[in-house]
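Numbering (our numbering), first residue to last: 24 to 83.
Below you'll find the structure, written out as structure tokens, and then a few comments.
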């Protein structure tokens, strides 16, 4: 995955979460957006960890 695309997606997720958390009401939508943001960031983190482990294993 391209590093610039990952950085842009993380920035977009953080901005979306900040905007959604500042809105009054819409508690269900806030919960959905926060859950999707956490899930996406977790998937990106898992992908980085697996790629790091795979590259480190190949170097040995």
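C-beta: ideal position from N, C-alpha, C; glycine also.
Within 8 Å, strictly: CB atoms of residue i and residue j
i          : j          : result
residue 36 : residue 60 : yes
residue 64 : residue 33 : yes
8 Å CB neighbourhood of residue i in its chain, flanking five on each side removed
i          : result
residue 53 : 43, 44 and 46
residue 49 : 43
Whole-number beta carbon distance between residue j and residue i, since they are thought to touch under 8 Å
i          : j          : result
residue 57 : residue 29 : Their Cβ separation, rounded to whole angstroms, is 20 Å, which puts residue 57 and residue 29 out of contact at 8 Å.
Three-way DSSP call (helix, strand, coil) for residue i in this model
i          : result
residue 46 : coil
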